[in-house]
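Visitor: Residue numbers (the working numbering): 7 to 140.
(1) Pull up the CB-CB distance for residue 129 and residue 86, whole angstroms please, since I reckon it's below 8 Å.
(2) At a cut-off of 7 Å, would you count residue 62 as near the ligand COA, judging by its Cβ distance to the nearest heavy atom?
(3) Figure out for me which residue from 9, 107, 15 has the closest Cα to the Cα of residue 25.
(4) Which runs of the beta strand (DSSP E), 3 residues or longer, sit entirely within the segment 15-48?
(5) Write down the C-beta distance between residue 70 and residue 33 rounded to the nearest angstrom, noting that I regard them as a contact closer than 8 Å.
(6) Under DSSP, the alpha helix (DSSP H) around residue 98 begins and ends at which residues?
Spelled out as structure tokens, the structure:
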């Protein structure tokens with residue numbers, strides 16, 4: 007069985023410079039790499055709030071899924087990296103607002119830092135088109 011691979015870019019200059027895709031779709035499988043709350047103008051949304059950053063990132067990820075023909079109900083895993091585990095409740099609150107009834111796998115890992123000091127959280131997401139909740 008041959009699976010077609012499609013690479014997607016968010017348009018961030020670093021993607022082309024470094025040689026990576028924001029999202030890769032292989033057949034029905036979708037993988038979205040580390041995504042932060044950087045806005046199109048280059049500023050970080052919600053600099054002081056892990057909740058606001060998480061909500062912004064999740065909305066961004068759902069839009070990317072839709073671009074690949076998927077939807078939030080098909081998400082099977084979300085992985086987060088927080089610069090301080092004290093942000094975990096804020097991250098969980100924003101996550102729950104989007105995924106509470108869908109219940110994908112969810113992990114938050116502490117990391118000493120992200121690309122910019124104002125980035126508090128980075129998220130990755132995996133989905134399978136056509137997957138249904140029992």
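From the three backbone atoms N, C-alpha and C, an ideal C-beta is built for every residue, glycine too.
Predicted model only: the values in this text are computed from it and were never measured.
Guide: Walking through what the data contain:
(1) 5 Å
(2) As presented, the structure is devoid of all ligands, the ligand COA included, so that no description of it is given.
(3) 15
(4) 29-32, 35-41
(5) For residue 70 against residue 33, the beta-carbon gap comes to about 17 Å, at or over 8 Å, which does not count as contact.
(6) 94-105
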